[in-house]
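Asker:
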Amino acid sequence: MTQGMLADGPNTPGQPRQTAFSGDGLWIGQCEITARDLPSQWHHHENYDSIMYMLDGRIRVDWGENGEQSFEMGPGDYGFFGRKVIHRAQIIDAPRTCRYVFVRLGEGESVVNVDGPGFAPE
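Here the sequence shown stands for residues 7 to 128, where the numbers follow the working numbering.
Shown next, in the form of structure tokens:
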């Protein structure tokens with residue numbers, strides 16, 4: 007599949023995404039993080055486990071009951087989020103934006119935007 011064939015969305019403010027494949031419990035796509043001055047909106051991925059691979063730039067990902075936990079990712083790094091883990095991302099080092107690709111395994115909505123940190127209801 008070429009870049010021109012990707013479908014826009016689903017999006018989170020500060021994290022526009024493109025879908026390469028969606029179906030049969032699998033979701034594959036890419037994200038360009040644009041959140042530089044402020045973090046992206048808090049969100050989770052419903053009943054999907056998400057595996058990320060950073061292509062370029064460096065980000066900080068916040069998560070946890072009060073958003074107090076975080077980790078950083080740079081080019082070549084992998085990240086994992088289990089189902090319903092609320093999180094957000096922010097650029098900490100990049101000339102413009104940051105990009106990553108990801109694979110999600112599960113079902114339901116692939117992106118659910120929420121008002122703040124914590125844990126998504128079961």
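Beta carbons are placed, not taken as given, at the ideal position from N, Cα and C, and that holds for glycine.
#1: Taking its Cβ as the centre, do 16 or more other Cβ atoms sit within 10 Å of Met79, making it buried, or is it exposed?
#2: Using only alpha-carbon positions, find the residue among Gly88, Tyr84, Tyr54, His93 that is nearest to Gln75.
#3: Counting only the same chain and skipping the five closest in sequence on each side, list residues whose C-beta sits under 8 angstroms from that of Asp55.
#4: Distance, Cα to Cα, Asp43 vs Arg23?
#5: Would a C-beta distance cut-off of 8 angstroms place Phe108 and Ile57 closer than the cut-off?
#6: Expressed to the nearest angstrom, what Euclidean distance is found between the alpha-carbon atoms of Pro16 and Gly29?
#7: So, under 8 angstroms CB-CB, Gly73 and Gln47 are touching, yes? Tell me the CB distance rounded to an integer number of Å.
Answerer: Looking at the atomic coordinates:
#1: Position 73 of the sequence shown, counted from the first residue, corresponds to residue 79. Burial call: buried.
#2: One-based indexing of the sequence shown puts residue 75 at position 69. Out of Gly88, Tyr84, Tyr54, His93, His93 has the C-alpha closest to the C-alpha of Gln75.
#3: Taking the first residue of the sequence shown as 1, we reach residue 55 at position 49. Hits under 8 angstroms: Phe86, Phe87, Gly88, Arg89, Arg110, Leu111, Gly112.
#4: Taking the first residue of the sequence shown as position 1, residue 43 is located at position 37. Taking the first residue of the sequence shown as position 1, residue 23 is located at position 17. When rounded, the distance between both Cα atoms is 19 angstroms.
#5: Position 102 of the sequence shown, counted from the first residue, corresponds to residue 108. Position 51 of the sequence shown, counted from the first residue, corresponds to residue 57. The answer is yes: Cβ separation under 8 angstroms.
#6: Position 10 of the sequence shown, counted from the start, is the residue given in the question as residue 16. Position 23 of the sequence shown, counted from the start, is the residue given in the question as residue 29. Roughly 14 angstroms between the two C-alpha positions.
#7: Working through the sequence shown from its first residue, we reach residue 73 at position 67. Working through the sequence shown from its first residue, we reach residue 47 at position 41. The Cβ separation is near 12 angstroms, so there is no contact.
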